[in-house]
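Participant: Residue numbering for the sequence shown follows my numbering, beginning at 77 and increasing consecutively.
One structure, as C-alpha cells, below. Some questions next.
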Amino acid sequence: MPIRAARLSDLTVLQDIERAAGECFRDVGMPEIADDEPLPLDELTRYHDAGLAWVMAGESDAPVAYLIADRVDGGLHVEQVSVHPDSARRGVGRALLDHLAAHAAGEGARALTLTTFTEVPWNAPYYARCGFRLLDDSALTPGLRRIREREAAHGLNRWPRACMSRVL
C-alpha cells in the first residue's frame with residue numbers, strides 16, 4: 077500500500093480511523109481513551125497545510141492509516157499514528173513511522189519523538205520494536221515537557237505514560 081501526503085478530502089476519514097482504532101482501548105480498561113474525540117478538522121488542516129500529515133492508502137486510494145507530526149526541539153514528534161483495525165498487524169504503522177524517519181532525516185532532524193502509554197502492548201512495547209527508546213524525565217527537552225504538561229491537563233496521566241525517542 078502506498079504512503080502519500082494527506083489530502084484535505086481525507087481529513088474526515090482520518091477522524092473515522094482514529095475512532096475505530098481507539099476502540100481497542102476498551103479491552104484494556106481505558107474506555108475514556110476510546111471515547112476521546114479525534115482532533116477537530118481545523119487542527120488536522122493545520123497538519124495538512126504544514127506538510128506533516130501522511131496516509132497509507134488502501135484500495136481505491138482511501139486512507140487506512142495516518143500519521144501526523146510536529147516539529148519539536150530539532151526533531152519531528154509523532155502527534156498521532158492510527159491504523160484502522162481492518163488493516164492492523166500488517167506493518168502499516170511501522171511503514172508510516174519509517175516514512176516519517178526518512179522525511180525527518182531529509183530535513184536534518186536528529187530524532188523522532190513520541191509520547192505513549194507504557195503498559196499498553198500496542199504502544200510503548202510496539203514502539204520499542206520500531207526502534208524507539210524510553211527517555212528518562214531528565215532527558216526531556218522543553219518542547220517535550222510542554223507536550224507532557226498538555227497531556228496531563230487532558231487527563232492522560234491517569235495511566236503510565238512516557239516519552240520515547242528514535243535517533244536518526
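Just so it is clear, CB atoms sit at the ideal spot from N, CA and C, and this is done for glycine as well.
Just how far apart, CA to CA, sit Thr189 and Ser158?
Facilitator: Each residue's alpha carbon lies about 16 Å from the other.
Participant: Where does Arg83 sit, in a helix, a strand or coil, going by DSSP?
Facilitator: Coil, per DSSP.
Participant: Take Arg205 as the anchor and find which of Leu232, Gly169, Val148, Pro78 has the nearest alpha-carbon.
Facilitator: If we check each option's Cα against that of Arg205, Gly169 comes out closest.
Participant: Would Ala82 and Val148 be called neighbours here (beta carbons separated by less than 7 Å)?
Facilitator: Not closer than 7 Å, so no.
Participant: Does the contact criterion of 3 or more C-beta pairs under 8 Å hold for the stretch 187-202 versus the stretch 162-178?
Facilitator: Touching, per the Cβ criterion.
Participant: Note down the Cα distance separating Asp125 from Pro107, rounded to an integer number of angstroms.
Facilitator: Those two C-alpha atoms are separated by around 32 Å.
Participant: How would you label Asp86, buried or exposed, when you count the other beta carbons within 10 angstroms and need 16 or more for buried?
Facilitator: Asp86 is buried by the Cβ-count criterion.
Participant: Specify, as a first and last residue, the run of the alpha helix (DSSP H) that Leu117 falls within.
Facilitator: Element bounds for Leu117: 117-125.
Participant: Using beta-carbon positions only, say whether Cys89 and Pro139 come within less than 7 Å of one another.
Facilitator: Reading off the sequence shown, one finds Val at residue 89, where the question assumed Cys. It is a contact, given that the beta carbons lie within the stated cut-off.
Participant: What residue ranges within the stretch 114-179 form continuous beta strand (DSSP E) runs of no fewer than 3 residues, ordered along the chain?
Facilitator: The qualifying runs are 129-133, 139-148, 151-159.
Participant: What did DSSP end up calling Arg221 once you bin it into helix, strand or coil?
Facilitator: Helix.
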